[in-house]
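Okay, so here's the structure we're looking at.
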Amino acid sequence: MLPALVVALGTCLPALYLLLRAFDAEPAQLGEIVFRQRNLLLLLNTLKLVAVVLVIGTLIALPAAWLVTRTDIRFKKILSFLMALPLAMPGYVMAYALLGISGYYGFVRQWFGIALPPLHGLWGAGLALSLYTFPYLFLNLRAAFLGMDPALEESAQSLGRGRSEIFRRIILPLLWPALVASWLIVGLYVVGDFGAIALMRYEVFSYAIFTQYSGAFDRTYAAWLCLMLLVLTVAVLCLQRVVTRNMRFASTGTGIPRPARPIALGRWAVLAWAFLVMVVLCSLGLPLLVLIHWMRLGLPEMDLAQLGRTAIGTLLAAGPAALLTTTLALPVVLLTLRHPGPLSSLVDRLAYLGYATPPLAFALAMVFFSLQAAPVLYQSYALLLFAYMMSFLVLAFGPIRLALLQIGTRQEEAARGLGSTPAQAFVRVVLPRRCAGRLPQAACSFSSWSSRNCRSPIWWLRRDMEPWQ
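When we follow the numbering used here, the leftmost residue of the sequence shown carries the number 2, and every step to the right adds one.
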């Protein structure tokens, strides 16, 4: 209950701050602010961008996760690592790379003499964000494939079902919680991203919010735009609850869990390798080539000492934040799954609100409440870690929730029946079997987020730390 209360308090602060700012406007101005025609355009653009990113990301992540978990393809660990590595590449760098290969002064024009048309707008932003966010889908889908009981598929095969029907009626329903959790995370990130979208010159809510805060200094209109995003988030959370309600994902038989038998690719191995190599080249090779192309011009003037201080500052922020966030997420997920009720459901939804709040508004809310309630925390390392934990908590929810859904409660109840306490049953039965394999994954996912200045509120919370700017 204590972690749940911390989460509820921390994630409510940005919403309270936005409400205070939003109602600073005169009553006569509220209608004009809320019902602007521009708001509808921003909403439609945001929804179109989310749809494009989810479709492209799923088409990349689902086959890749299946190949590295269910087939006889070689070097599975290396491939899994490469599929997750784009998380270390900020989204705006991916957008910069796509822009860097096109145009008259682009990478391709400089090296090969071919001028590609510049990539802007919806498809440019969608491709950049898809190549950056598909690892979130991949990690959750890979965990779901590894946690499946192969006996279900083998039973279906013995009854004469084909592979397509088995995938549609058995595998896809078992992947559903991983897909929904990943879609929710990726969709909320796309809603709040600014760097890649600004480079691609595509106007969505986050672009308008940043413009109002930094350029027009109209915090009232920006607060209303943030509140509209939160309302959209609440609607999506309600939809997620409807599509995952009353579904069972744990095996109820008495069989012994074992890994699935690898499927021989045969002549399809060439196509599988071509697909994986193309994904790696587009998501990692392309940004690295463009960065190396521009680094060769500025390498002689690079300040290596400054670079080292920046790396140390990033590690000091990302490492503790990843550990603390995953540690906080575990009891919250346990509360929502093992003790469902109005309070646990509310805490789960509030955690997503903290993630959906635009980073700039989130950071300003933390600064505002630290000055009002605890001035000693203003621009402190503790406030920075707390902001990270509240903002990125849901990134650790998906893998942990999926693991607990797959293991069920039968074995834990058996341990309780043999005299173990709840804590002993969890540590001896649940943690070794499922959660221990998912916690590093959740921590890795979070730490990759927490080191990004574009998404995180580092500058607003600790402006005195020059290397982090």
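All residues carry an ideal CB built from backbone N, CA and C; glycine is no exception.
{"query": "Status (buried if at least 16 other CB within 10 Å, exposed otherwise) for cysteine 227", "result": "buried"}
{"query": "Opposing strand residues paired with tyrosine 264 [DSSP bridges]", "result": "For clarity, residue 264 is isoleucine in the given sequence; the question names tyrosine instead. Thr72."}
{"query": "Neighbourhood of cysteine 283 by C-beta distance below 7 Å, restricted to the same chain and skipping five residues each side", "result": "Leu132"}
{"query": "Which of helix, strand or coil DSSP assigns to proline 118", "result": "coil"}
{"query": "Terminal residues of the alpha helix (DSSP H) in which glycine 314 lies", "result": "305–339"}
{"query": "Glutamate 204 versus Thr422, Arg402 and His121, residue with shortest Cα-Cα distance", "result": "His121"}
{"query": "Range of the contiguous alpha helix (DSSP H) that encloses glycine 355", "result": "343–357"}
{"query": "Nearest-angstrom Cβ-Cβ length linking alanine 144 and proline 360, presumed shorter than 8 Å", "result": "Wrong, their Cβ atoms sit about 27 Å apart, outside the cutoff."}
{"query": "Beta-carbon spacing of methionine 391, leucine 20 below 9 Å", "result": "no"}
{"query": "Coarse secondary structure for glutamate 204, derived from DSSP in three states", "result": "coil"}
{"query": "Nearest candidate by alpha-carbon position, reference tyrosine 76, set Ala357, Ile210, Val430 and Ala273", "result": "The sequence as given places phenylalanine at residue 76; tyrosine does not occur at that position. For phenylalanine 76, the nearest C-alpha among the options comes from Ala273."}
{"query": "Nearest candidate by alpha-carbon position, reference tyrosine 222, set Ala312, Pro87, Ser207 and Ala404", "result": "Ser207"}
{"query": "Candidates Leu189, Gly11, Met90 and Ile57: closest to leucine 290 by CA position", "result": "Met90"}
{"query": "8 Å Cβ shell around leucine 231 - same chain, five flanking residues per side excluded", "result": "Ala16, Leu19, Leu354, Ala357 and Thr358"}
{"query": "First through last residue of the alpha helix (DSSP H) which encompasses serine 81", "result": "77–85"}
{"query": "Cutoff 9 Å: glycine 125 Cβ touching any chain C Cβ", "result": "In the displayed structure, chain C is absent; only one protein chain is listed."}
{"query": "Assigned exposure category for glutamine 213 - 16 Cβ within 10 Å defines buried", "result": "buried"}
{"query": "Enclosing alpha helix (DSSP H) for isoleucine 167 [first to last residue]", "result": "164–167"}
{"query": "8 Å Cβ shell around proline 263 - same chain, five flanking residues per side excluded", "result": "Arg71, Thr72 and Asp73"}
{"query": "For isoleucine 102, three-class secondary structure by DSSP", "result": "coil"}
{"query": "Member of Leu344, Leu384 and Leu385 whose CA lies at the smallest distance from the CA of alanine 471", "result": "In the structure as shown, the chain starts at 2 and stops at 470, and residue 471 therefore has no counterpart that could be examined."}
{"query": "Leucine 317 CB to nearest heavy atom of the ligand GTP below 8 Å", "result": "Absence of the ligand GTP from the depicted structure is noted, as is the absence of any ligand whatsoever, leaving it without description."}
{"query": "For glycine 188, the first and last residue of its enclosing alpha helix (DSSP H)", "result": "173–193"}
{"query": "For leucine 189 and leucine 48, the rounded distance between their alpha carbons", "result": "11 Å"}
{"query": "Cutoff 7 Å; reference serine 81; Cβ partners in own chain excluding five residues on either side", "result": "Val69 and Arg143"}
{"query": "Minimum C-alpha distance to leucine 287 - residue among Phe387, Ile102 and Phe135", "result": "Ile102"}
{"query": "Close-in-space but distant-in-sequence residues of the same chain around alanine 209 (CB under 7 Å, 5 per side omitted)", "result": "Leu43 and Leu226"}
{"query": "Reduced DSSP secondary structure (H/G/I, E/B, other) of glycine 420", "result": "coil"}
{"query": "Residues near threonine 255 by beta carbon distance below 8 Å, same chain, minus five either side", "result": "Any reading at threonine 255 is ruled out, since the residue's pLDDT is 46, under 50, leaving its predicted position unreliable."}
{"query": "9 Å Cβ cutoff met for glycine 127 and valine 53", "result": "yes"}
{"query": "Spatial neighbours of alanine 5 in its chain, beta-carbon cut-off 8 Å, leaving aside the 5 residues before and after", "result": "Pro332, Val333, Leu336, Leu344, Ser345 and Val348"}
{"query": "Distance CB(leucine 123)-CB(asparagine 40) smaller than 9 Å", "result": "no"}
{"query": "Cutoff 8 Å; reference valine 7; Cβ partners in own chain excluding five residues on either side", "result": "Leu329"}
{"query": "Residue burial classification, isoleucine 293 (beta-carbon count within 10 angstroms, cutoff 16)", "result": "exposed"}
{"query": "Residue closest to arginine 339, alpha-carbon to alpha-carbon, out of Leu378, Arg402, Ala319 and Val51", "result": "Arg402"}
{"query": "Where leucine 440 sits in the DSSP three-state scheme", "result": "Because leucine 440 sits at a pLDDT of 46, beneath the cut-off of 50, its placement in the model cannot be relied upon, and the following sentence gives the value as read from the coordinates. Helix."}
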